[in-house]
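Colleague: Following this message is one structure expressed as structure tokens.
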Amino acid sequence: MNGNNEVGKLVRNRIPQLIRDTGAEPITYTASPDEYRAQLRDRLREKVADFLAADSEVEKLSAVREVVYALAADLGVDAKQLEEIRAAKAAARGGFGDRIIWEGNR
Numbered sequence: 001m002n003g004n005n006e007v008g009k010l011v012r013n014r015i016p017q018l019i020r021d022t023g024a025e026p027i028t029y030t031a032s033p034d035e036y037r038a039q040l041r042d043r044l045r046e047k048v049a050d051f052l053a054a055d056s057e058v059e060k061l062s063a064v065r066e067v068v069y070a071l072a073a074d075l076g077v078d079a080k081q082l083e084e085i086r087a088a089k090a091a092a093r094g095g096f097g098d099r100i101i102w103e104g105n106r
């Protein structure tokens, strides 16, 4: 729990040391595998919302990617494998670069 009586929040690995560097002592624990997955999904929702609301979109988008990589690792897939899966799907179904909007069928 943090000082605001909220549920703990998954943070990047270096955050506790960065807090210590300011003279404070962070209260932390290591999440169980189930809590870790749930926290990653929460962070993904948060980071996507940040991206959608952002002025500086590229930095926010990179944070989304960081969480996606962590989710993939939790599923046993590294960044290279994730890219191979993405590329295979793009080869089979295409990407989004042509900006096609589907409105249904006739």
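Residue numbers (our numbering): 1 to 106.
Don't be surprised by glycine CBs; every beta carbon is placed ideally from N, CA and C.
In this text, all values refer to a predicted model and were calculated from it rather than measured experimentally.
Taking contact to mean at least 3 C-beta pairs separated by less than 8 Å, is the region 26-35 in contact with the region 56-73?
Modeller: Verdict: no, contact absent.
Colleague: Ignoring anything shorter than 4 residues, give me the alpha helix (DSSP H) runs that lie fully in the region 32-82, in order along the chain.
Modeller: Complete alpha helix (DSSP H) runs here, min 4: 33-53 and 57-74.
Colleague: What distance in whole Å lies between the Cβ atoms of LEU71 and LEU44, which are believed to be in contact at a cut-off of 8 Å?
Modeller: Taking the sequence shown and counting its residues from 1, the one referred to as residue 44 is at position 44. Taking the sequence shown and counting its residues from 1, the one referred to as residue 71 is at position 71. Right, the Cβ-Cβ distance comes to about 7 Å (below 8 Å), so this counts as a contact.
Colleague: What are the start and end residues of the alpha helix (DSSP H) that includes ASP21?
Modeller: In the sequence shown, the residue the question calls residue 21 occupies position 21. ASP21 -> alpha helix (DSSP H) spans 15-21.
Colleague: Near PHE51, what residues of its chain come up, given a Cβ to Cβ distance below 8 Å and the 5 sequence neighbours on each side ignored?
Modeller: Here residue 51 refers to the residue found at position 51 of the sequence shown. Cβ within range, chain order: GLU57, LYS60, LEU61, ALA63 and VAL64.
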